[in-house]
Amino acid sequence: MKKLKKILSFLLLLCLMPLSTVVGHAETKKLSIVTSFYPMYAMTKAVVGDLYDVYMINSGNGIHQFEPSANDIAAIYDADIFVYHSVALESWTKNLEKNKGDSKVTLLESAHDLEMDKVSGLEAVESVKGQEQASLYDPHTWLDPIKAGEEAQLIATQLAKIDPDNADVFKANADKFQEEAKQLVKKYQPIFDAMKKKTFVTQHTAFYYLANRFGLTQLGIAGISSDAEPGARKIGEVQEFVKKYDVKTIFIEPNVSDRIAQVIAKATGVNIVSLSPLESDPQNTASFIENLDNVLKTLSDALKKEQ
-19 MKKLKKILSF
-9 LLLLCLMPLS
1 TVVGHAETKK
11 LSIVTSFYPM
21 YAMTKAVVGD
31 LYDVYMINSG
41 NGIHQFEPSA
51 NDIAAIYDAD
61 IFVYHSVALE
71 SWTKNLEKNK
81 GDSKVTLLES
91 AHDLEMDKVS
101 GLEAVESVKG
111 QEQASLYDPH
121 TWLDPIKAGE
131 EAQLIATQLA
141 KIDPDNADVF
151 KANADKFQEE
161 AKQLVKKYQP
171 IFDAMKKKTF
181 VTQHTAFYYL
191 ANRFGLTQLG
201 IAGISSDAEP
211 GARKIGEVQE
221 FVKKYDVKTI
231 FIEPNVSDRI
241 AQVIAKATGV
251 NIVSLSPLES
261 DPQNTASFIE
271 NLDNVLKTLS
281 DALKKEQ
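For the sequence shown, our numbering begins at -19 and goes up steadily by one.
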């Protein structure tokens, strides 16, 4: 009888073990990270993998015009961590710390220690006459593969301070991201080096770091901010430049009005090509590195036709 009781007790214990495992698992909640826009989402997701739930508040609006809604702010304060690029780019973030009240969210400025360059609103082979514009910090660091890799490392370093138990995972994932980014430079540097004509015309001067990395020069139609439309004088200057240097292509953003570019295209006969600065979610399943690869391929293919 005692032997039977022992057997029954053992069987009962076996039955209860899976239940306790399930209950324990149900009580384990993933921490949540909210990010500001696509590059921050993609880099953070690459660094944390499946350890955190990662969300994005601005998936489709331009970063220069974006203003968070009340729901966006609530989502940030409800999160465990909020990752954004910089106050320089996202001025609306400057009061988040001061206004967070009882929120326990940790604010992570990914580009805080990333060197950003001062550039003029117009980058050209020669100065377009009459062009004098105050220097601005160009925030579009993620379009340079090397700086993108550095930013992923900075995210990993800051996350490691918040969650030291997973520091090794963050570092390994950031290393993988950075190596893939470096491979893009190895892939495209010889292509751009072989080109004699290295100037390209854009509607939005988001490509300074990319151009600088590969020895190119961008001529911007609308300056640093995509919502700043040039006047008639500047349009005329760009038309003159396009004709003088035999530019065959104007690159425009997928989600920005192309009215100005179309005016110049009609006046000069140039082609219009969509070139994404990856500010908005591309709405595909590709990784950030794959999307950046597509940007570089689009640019290099178009420039090859101008040689």
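Beta carbons are placed, not taken as given, at the ideal position from N, Cα and C, and that holds for glycine.
Own chain partners of V181 with C-beta closer than 6 Å, once the 5 adjacent residues on each side are dropped: Here residue 181 is taken as the residue at index 201 of the sequence shown, counted from 1. Correct list, in chain order: L199, V227, I230.
For Q158 and V3, the rounded distance between their alpha carbons: Position 23 of the sequence shown, counted from the first residue, corresponds to residue 3. Position 178 of the sequence shown, counted from the first residue, corresponds to residue 158. In this prediction, V3 scores a pLDDT of 38, lower than 50, which makes its location untrustworthy; no coordinate-derived value is stated.
Secondary structure of D58, DSSP reduced to three states: As a first step, residue 58 is located in the sequence shown; it is residue number 78 there, counting from the start. Three-state result, D58: helix.
Distance, A174 Cα to S280 Cα: On the sequence shown, position 300 is the one that residue 280 refers to. On the sequence shown, position 194 is the one that residue 174 refers to. Roughly 11 Å separates the two Cα atoms.
Inter-stretch contact (C-beta, 8 Å, three-pair minimum) for the segment 88 to 97 and the segment 162 to 170: Not touching, per the Cβ criterion.
Buried or exposed (CB count within 10 angstroms, at least 16 for buried), K127: Along the sequence shown, one-based indexing puts residue 127 at 147. The residue in question, K127, is buried, as its Cβ has 16 or more Cβ neighbours within 10 Å.
Buried or exposed (CB count within 10 angstroms, at least 16 for buried), T15: Your numbering for residue 15 matches position 35 in the sequence shown. Buried, because 16 or more other Cβ atoms sit within 10 Å of the Cβ of T15.
Where L199 falls: helix, strand or coil (DSSP): Position 219 of the sequence shown, counted from the start, is the residue given in the question as residue 199. Strand at L199.
Three-state secondary structure (DSSP) of S71: Reading the sequence shown from its first residue, position 91 is the one you call residue 71. If DSSP states are grouped into helix, strand and coil, S71 belongs with the helices.
Within 8 Å, strictly: CB atoms of P119 and A152: Within the sequence shown, the letter at position 139 stands for residue 119. Within the sequence shown, the letter at position 172 stands for residue 152. It is not a contact, given that the beta carbons lie outside the stated cut-off.
Given G129 as reference, the closest of K177, D155, E217 once Cα atoms are compared: As a position in the sequence shown, residue 129 is number 149, starting the count at 1. Cα-wise, what sits closest to G129 is D155.
Sub-8 Å separation of F268 and M23 beta-carbons: Translated into positions along the sequence shown, residue 268 becomes position 288. Translated into positions along the sequence shown, residue 23 becomes position 43. In this structure, M23 lies closer than 8 Å to F268 by Cβ.
DSSP three-state assignment for L164, whether helix, strand or coil: Here the question's residue 164 lines up with position 184 in the sequence shown. The DSSP-derived three-state label of L164 is helix.
Rounded straight-line distance, which links the Cα of L139 to that of F150: What you label residue 150 is simply residue 170 of the sequence shown in a count that begins at 1. What you label residue 139 is simply residue 159 of the sequence shown in a count that begins at 1. Between the alpha carbons of F150 and L139 lies a gap of roughly 8 Å.
Candidates S39, I56, Q242, D93: closest to G288 by CA position: Any question about residue 288 goes unanswered here, given that the chain covers just -19 to 287.
Residue range of the unbroken alpha helix (DSSP H) whose run includes Y315: Because the chain is modelled from -19 through 287, residue 315 falls outside the range shown and cannot be assessed.
Backbone secondary structure at V85 - three-state DSSP: One-based indexing of the sequence shown puts residue 85 at position 105. Collapsing the DSSP output to three states places V85 in coil.
Span separating the alpha-carbon of P257 from that of V275: Taking the first residue of the sequence shown as 1, we reach residue 257 at position 277. Taking the first residue of the sequence shown as 1, we reach residue 275 at position 295. A straight line joining the alpha-carbon of P257 with that of V275 spans about 8 Å.
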